[in-house]
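Structure first, then comments.
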Amino acid sequence: MIKKVLIGLLCGAAMLTAGILIGHYGIDKSSSSAPAWVRDVSRDVDEGLLEEILSEVDNVRIQENLRELTKMPHMATTAGDEQTVQLMLKRWQDPESGLDQAWREEHMVYLSFPDPERPNKVTVVNSSNTVLHTVREKEKAYTPDQMDPAVVQPYAAYSPAGHVQGKLVYANYGTVSDYILLNQKADLKGAIAITRYGGAGRADKAINAAPYGILGVLVYTDPFDINDGFTSDANETYPHSWYMPPSGVERGAFASNYGDQLTPYLAAKEETYRIPVKDIPGVPPIPIQPIGFEDAYVLICELGGEQSPQTWQGGFNCTYNFGGPGFRPSSGFKDSNVTMDIFNYGELTNSSNVMGVIRGSVEPDRYVIYGNHRDSWVHGAIDPSSGTSVMLELTRVLGKMLKQGKWRPRRSIIFGSWGAEEFGLIGSTEYAEQYFTKLSERTVAYINVDIAVQGNASLQASGIPSLQNVVFKAAKQVKAPGVDSMSVYEKWKQYSNRTSPLHGLIPRMGHLTGAGSDYAPFIHYLGITSLDLSYTFDRSKTKARIYPAYHTAYDTFHYSSKFVDPGFYTHQAVTKTAGSILVRLADSLVLPLNCSDYAESLEDYLNSALIMYEDYLLAVNISMEPIKRAVANFRKAATHLEQVIRSADLANETPMKVRKINDQLMLLERAFLMPPAFPSQYRHAIWTPVETTIQSFPGLRDIYLKDISSGKVSLWDKVHQLVSVMSQAIEGAANMLFDVI
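When you line the sequence shown up against numbering that gives the first Met the number 0, it's residues 0 to 740, in that order.
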């Protein structure tokens with residue numbers, strides 16, 4: 000009897016075990032009986048589908064995008080700008096390759112324009128007011144593009160109008176130290192200064208001049224800084240090469256703050272409160288006008304006075320003197336003055352952002368934002384239309400996959416075609432201000448691709464260190480243009496690299512420590528993990544600070560297609576790289592953000608800071624120990640969170656556990672926002688504006704270099720405050736990475 004019972008129990012156990020195994024392995028978990036969210040919620044990046052997406056990127060379509068975008072000048076709020084608005088809407092609303100939704104958003108913004116009826120004039124006049132020389136008002140035409148009536152006269156946006164006259168002096172780059180030295184060599188009261196681009200912000204060249212009684216400022220691009228010394232349009236500069244021709248003039252916004260100048264911290268809607276125009280901070284207090292180097296040559300080579308230092312000498316075949324002030328006695332301009340007649344005016348006008356959305360399937364309330372501005376100073380083939388042509392091709396490919404039912408991202412993707420960027424990042428900033436709370440709470444990352452291609456040497460990426468891993472992964476996936484077997488990653492590493500304690504030799508990523516493009520409001524104001532991506536030229540072979548046609552009437556389709564990217568294969572590589580980063584951020588189950596890479600950057604900054612500042616600070620009883628402890632805690636927290644991610648089978652965890660980890664990663668950057676850290680729109684305690692190239696905490700560095708030399712106790716107090724702000728910000732960020740309590 001007992002034997003029969005035992006046999007029955009064993010048979011029952013065997014049948015139960017078989018049933019469990021059949022149930023586990025025999026039931027199709029992807030069957031229609033399971034709710035869709037069960038399958039979707041654990042979905043990760045589909046590498047095969049991503050490869051299919053990237054294979055669809057077409058260089059010829061990118062070329063045609065650029066041709067269409069550059070048919071006419073499209074300065075912000077002009078008729079050409081409206082044409083680009085309509086083009087973006089048409090593409091993003093296309094029934095076969097468009098997005099889920101696309102629309103335009105309007106802001107009423109304050110812009111500055113030259114008066115077409117009264118062109119700005121710069122002349123040299125003698126004592127009897129006879130004009131001896133007139134600066135060229137329009138750039139020389141080499142192709143029909145420069146003859147388009149919509150080409151705006153070179154001018155300095157936000158320069159005040161005015162009529163000023165005085166003796167000329169040369170002020171190098173117009174930095175604070177330049178004017179200090181110049182003031183020791185010449186009487187600056189009532190003078191006109193001429194400066195070259197570079198070294199200081201555009202507006203600062205006039206802001207720094209005004210305290211010395213200087214009445215007006217001219218600014219030009221020196222051939223030493225942009226052309227490797229080449230100056231002749233007979234055979235050396237455009238249209239024979241990519242170098243700036245003698246009459247080329249760099250336009251720009253001469254304002255220190257970004258966003259609409261009259262509505263700081265508020266979206267510039269029609270009914271929004273506006274500060275008085277006279278109260279706008281950070282704009283030139285005196286007239287300033289950009290000119291070509293052909294005219295700068297005429298003026299600088301005639302100056303008298305003492306010879307300026309070697310570091311002030313440029314690319315002209317003459318000696319750069321300070322100015323007496325004024326011209327040398329043997330000059331044909333002897334005893335003559337420079338006259339500036341500036342007729343710029345300000346105007347409230349409507350500017351448009353074009354927005355597009357692909358809704359996420361699992362986490363539609365989490366956003367990956369991809370943006371670039373649409374407006375240009377003239378035709379803008381490289382700045383910004385290289386980026387816009389890339390964005391249009393990327394959205395076409397993704398839209399096609401979407402419409403065919405092959406793909407929908409896990410998270411929502413927002414595309415922004417920003418308006419009026421050239422006037423100070425206005426479109427993106429107004430968007431950030433209008434949707435401040437929603438973007439702060441829900442945005443995973445912002446990707447900026449503005450000047451997508453300004454050369455064909457290497458990828459160039461600047462961003463938050465936690466993005467390094469996903470950028471590298473994408474770059475390894477894409478073939479470098481013109482190189483048979485090398486990836487974008489390998490070419491980048493060959494061109495610019497560093498040695499990491501953890502990873503060995505890797506490409507060098509830059510940091511977003513300024514406000515050069517539309518990433519600024521996202522990282523500095525909202526604290527959103529951000530990236531700026533482009534392909535650049537070989538800087539070991541040229542001294543050019545940027546591509547030579549920058550902001551001139553020569554930045555055309557002809558210039559780009561002939562001298563920058565024939566065949567548009569580099570544009571194609573950028574599209575694929577940016578697309579891979581975008582899809583990985585939107586589709587990964589766990590956000591591909593690496594906190595250990597962030598810790599490494601903080602440790603590098605700390606080590607540099609200790610070498611440069613610790614002894615000086617200890618001498619005035621300011622300790623760096625709080626920052627040391629904070630950085631050590633951040634490393635500990637980063638290691639802990641990564642261990643949690645590695646040890647967990649997150650595909651089989653509850654959705655809330657994955658969401659918790661992703662929120663820790665997403666909100667990490669917000670923890671660095673410390674409004675007391677810096678004035679104005681820069682709220683990030685780490686990635687603040689940079690005025691030097693030393694790799695250390697930028698804010699601490701800038702205050703130290705600017706202020707400590709004065710020896711004022713109050714300035715040491717300022718440094719002490721900043722040490723406290725930074726250490727507590729880093730501690731707060733570390734706390735974001737530990738377990739939630």
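Just so you know, even glycine gets a beta-carbon here, dropped at the ideal spot from N, CA and C.
For clarity, every value in this text was computed on a predicted model and none was experimentally measured.
The secondary-structure analysis by DSSP pairs W91 with nothing; it has no beta-bridge partner. The C-beta distance from I193 to A170 rounds to 7 angstroms, short enough to fall under 8 angstroms. Comparing C-alpha distances from D177 to each of A155, Y211, D144 shows the shortest one belongs to Y211. Sixteen is the threshold: since fewer than 16 other Cβ atoms of the shown chains lie within 10 Å of the Cβ of K277, the residue is exposed.
Of all C-beta pairs linking the stretch 119-126 to the stretch 444-451, fewer than three are shorter than 8 angstroms, placing the two stretches out of contact. Buried is the label assigned to K575, since at least 16 other Cβ atoms lie within 10 Å of its Cβ.
Note that the C-beta distance between S427 and R103 is not below 8 angstroms. The alpha-carbon separation between D227 and V297 amounts to approximately 19 angstroms. Between the stretch 152-160 and the stretch 279-292, the count of C-beta pairs closer than 8 angstroms reaches three or more; the two stretches touch.
Residue state for F696 is assigned as coil, using DSSP reduced to three classes. Here L393 carries a helix assignment [DSSP, helix/strand/coil].
Minimum Cα-Cα distance from A608 among the listed residues D114, E624, Y597 corresponds to E624. The C-alpha of A636 is placed about 17 angstroms away from the C-alpha of A647.
With contacts defined as CB atoms closer than 8 angstroms, E138 and V282 fail to qualify as a contacting pair. About 26 angstroms separates the CB atoms of G423 and T394; that is not less than 8 angstroms, and the two are not in contact. V168 is positioned such that its CB atom lies closer than 8 angstroms to that of P324.
Secondary-structure assignment with DSSP links T348 through a beta bridge to V108. Close CB contacts of M390 within its chain, under the 6 angstroms cut and outside five residues either way in sequence, are with N371 (chain order). If you draw a straight line from the Cα of A514 to the Cα of Y257, it is about 8 angstroms long.
M354 carries a strand assignment under DSSP once its states are collapsed to helix, strand and coil. For A202, there is no enclosing alpha helix (DSSP H), as DSSP marks it with neither H nor E.
Just so you know, the alpha carbons of D45 and A650 end up roughly 14 angstroms apart. Counting along the chain, H132 sits inside the beta strand (DSSP E) bounded by residues 130-133. In the structure shown, the three-state DSSP call for D221 is coil.
By DSSP's assignment, F671 forms no beta bridge with any residue.
The C-beta distance from V563 to E55 rounds to 24 angstroms, too long to fall under 8 angstroms, and the pair is not in contact. For the pair of segments examined, the stretch 717-724 was found not to touch the stretch 547-557: the number of CB pairs separated by less than 8 angstroms stays below three.
Counting only runs that start and end inside the stretch 552-581, there is no beta strand (DSSP E) element of at least 3 residues.
Check the Cα spacing between Q493 and each of D483, L504, S499, P500: the tightest is with L504. Under the 10 Å beta carbon count, I413 is surrounded by 16 or more other beta carbons and is classified as buried.
Assignment of beta-bridge partners to F326 by DSSP yields L302. Excluding its 5 nearest sequence neighbours in each direction, E668 has C-beta neighbours in its own chain below 7 angstroms: I463, G526, I527, T528, listed in chain order. The criterion of a C-beta distance shorter than 8 angstroms is satisfied by G313 and R195. By the criterion of at least three beta-carbon pairs nearer than 8 angstroms, the stretch 214-223 is in contact with the stretch 184-193.
Rounded to whole angstroms, the gap between the alpha carbons of D39 and F737 is 28 angstroms. Per the coordinates, the alpha-carbon of A233 lies some 32 angstroms from the alpha-carbon of S388.
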